[in-house]
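K.L.:
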Amino acid sequence: MKPVYTTEARSSGPARDGRAYLTDGTLEIKMGLAEELGGNGQGANPEQLFALGYATCFHQAVKNVARQTKADSTASSVQARVNFGLDEEGYYKLAVVLEVSLPYVEMDQAREIAVRAHEICPYSRATRGNIDVSVSVVEE
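In terms of our numbering, the sequence shown opens at residue 62 and continues consecutively.
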């Protein structure tokens with residue numbers, strides 16, 4: 062791969078209860094283990110940050126495909142739900158549910174846009190074959 066953009070992040074402190082930041086200084090986040098996992102829930106967790114990143118990246122892919130097909134994506138949105146649990150072997154694993162809203166687009170075309178977005182989204186490409194990802198179109 063020939064990089065066209067690179068970003069760097071660092072985690073420090075007691076890992077899941079420490080802090081994470083971008084090395085360029087644009088963002089710093091207090092991290093915290095989710096209550097469901099035995100933490101105090103004070104701060105963001107990696108699963109939340111993954112959900113933010115995936116939702117945003119997938120939304121951009123939806124916008125790109127909509128533009129190419131001349132579909133109206135002005136009120137579009139993407140919701141990413143990241144599930145964290147154990148697989149059959151007892152290892153922690155992620156699964157993602159993506160819900161796409163394209164209120165000004167006919168349902169069949171919206172589904173086609175979502176399928177194509179899943180083909181080209183960098184997060185989808187990175188996770189393909191590694192975690193379960195489902196994509197659906199919802200009406201809002």
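Quick reminder that beta carbons are idealized off the backbone N, C-alpha and C, glycines included. Keep in mind it's a predicted model, so treat the numbers as computed, not measured.
Under the three-state reduction of DSSP, which class applies to LEU83: helix, strand or coil?
P.N.:
In this structure, LEU83 counts as strand in the three-state DSSP scheme.
K.L.:
Going by C-alpha to C-alpha distance, which of ASP85, ASP193, THR68, GLU167 sits closest to ALA127?
P.N.:
Ranking the options by Cα distance to ALA127, first place goes to GLU167.
K.L.:
Could you tell me the distance, in whole angstroms, from the CA atom of ALA132 to the CA atom of GLU201?
P.N.:
Rounded to whole angstroms, ALA132 to GLU201 spans 17 Å at the Cα level.
K.L.:
If you drop the 5 nearest sequence neighbours on each side, which residues of the same chain put their C-beta closer than 7 Å to that of PHE145?
P.N.:
So the list reads GLU108, TYR153, LEU155, once near-sequence residues are dropped.
K.L.:
Determine the direct distance from the alpha carbon of ARG142 to that of ASP98, and round the result to whole angstroms.
P.N.:
Residue identity differs from the one stated: residue 98 is Leu in this sequence, not Asp. In a straight line, the C-alpha of LEU98 is about 17 Å away from that of ARG142.
K.L.:
Rounded to the nearest angstrom, what separates GLN103 and SER138 at their Cα positions?
P.N.:
Between GLN103 and SER138, the C-alpha separation is close to 27 Å.
K.L.:
Is it true that the CB of ALA105 sits closer than 8 Å to the CB of GLY93?
P.N.:
Yes; because the gap between Cβ atoms is below 8 Å, this pair is in contact.
K.L.:
If I measure Cβ to Cβ from ALA70 and keep anything under 8 Å in the same chain, skipping five residues before and after, which residues do I get?
P.N.:
For ALA70, where only same-chain residues beyond five positions count, the Cβ hits under 8 Å are ALA81, TYR82, LEU83, THR84.
K.L.:
Can you tell me whether ALA15 is buried or exposed, with buried defined as 16 or more other CB within 10 angstroms of its CB?
P.N.:
Summary: the structure shown does not reach residue 15, with the chain confined to residues 62 through 201, and so no result is reported for it.
K.L.:
Mind reading off the beta-carbon distance from THR130 to ILE174? Whole number of angstroms is fine, and I expect it under 8 Å.
P.N.:
Indeed they touch by this definition, with Cβ atoms about 7 Å apart.
K.L.:
Going straight from the alpha carbon of GLN121 to that of GLU89, what length do you get?
P.N.:
Distance between the alpha carbons of GLN121 and GLU89: 24 Å.
K.L.:
Just to confirm the assignment, what range does the alpha helix (DSSP H) spanning ILE25 have?
P.N.:
There is no way to answer for residue 25, as the model of the chain reaches only from 62 to 201.
K.L.:
Going by DSSP in three states, ARG128 sits in which element: helix, strand or coil?
P.N.:
Helix.
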